[in-house]
Amino acid sequence: TEYEITSPNWPNNYPNNLSSSRTYWEYTSPTLENLKIFFDRSSQTESGYDKVYIYDKTDTLLYTLSGNQMAGKTYEIEGNYVKIAFSSDGSGQYKGFKAFIGSGDLEIITTMPENIIFSNNVYYTTDRLRTIECSTSSF
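Residue numbers (our numbering): 18 to 156.
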């Protein structure tokens, strides 16, 4: 099973002034030992200014991505948890990113899961095996 996450407003331009401490996604799998994150090939942020941060379960920053660095690439994470955060400055908006999280060879997902919950400015998508959380309280 894979999960899709997108930057705010995807595929339209994301807003300015997003804080990575408030715009983030967390993914935990109780059954997978390692995760892969595949970014859609059209993913792009304002190079050098708007960034995607990838953290592991110890909150160690593994990757800082900007511009088209992530486009069409796959990043491997040791462990069953990943946090992806996003920040944007006060100008220069782009599409942002679409990413798929899972293991092995990822297949493209074209629809969002139907089980989306919105509570306290946070979107949750859950099933019986995995949970993904997207905080959108910054806008």
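For glycine and all other residues, C-beta sits at the position ideal for the given N, C-alpha and C. These figures come from a predicted structure and were not determined experimentally.
Can you tell me where the beta strand (DSSP E) with residue i in it begins and where it stops?
| i | result |
| --- | --- |
| Ser167 | In the structure as shown, the chain begins at 18 and stops at 156. Residue 167 is therefore absent and cannot be evaluated. |
| Leu52 | 51-56 |
| Phe117 | 115-119 |
| Glu21 | 20-23 |
| Tyr31 | Tyr31 -> no beta strand (DSSP E), and no H or E assigned at all. |
Relative to the C-alpha of residue i, which candidate in the options has its C-alpha closest?
| i | options | result |
| --- | --- | --- |
| Ala116 | Glu93, Glu50, Asn33, Gly109 | Glu93 |
| Gly113 | Lys53, Ser120, Thr91, Gln86 | Gln86 |
| Trp27 | Ile101, Gly119, Ser60, Val99 | Ser60 |
| Glu19 | Asn51, Asp76, Thr81, Tyr72 | Asn51 |
| Asp67 | Asp76, Thr48, Lys74, Ser37 | Ser37 |
My understanding is that residue i touches residue j, with C-beta atoms under 8 Å, so please give their C-beta distance in whole angstroms.
| i | j | result |
| --- | --- | --- |
| Thr40 | Ser104 | 7 Å |
| Gly107 | Glu63 | Gly107 to Glu63, Cβ: 11 Å. No contact. |
| Tyr31 | Val99 | Not confirmed; about 20 Å, so no contact. |
So, with DSSP's three-state summary, where would you put residue i?
| i | result |
| --- | --- |
| Ser38 | coil |
| Thr45 | strand |
| Gln86 | coil |
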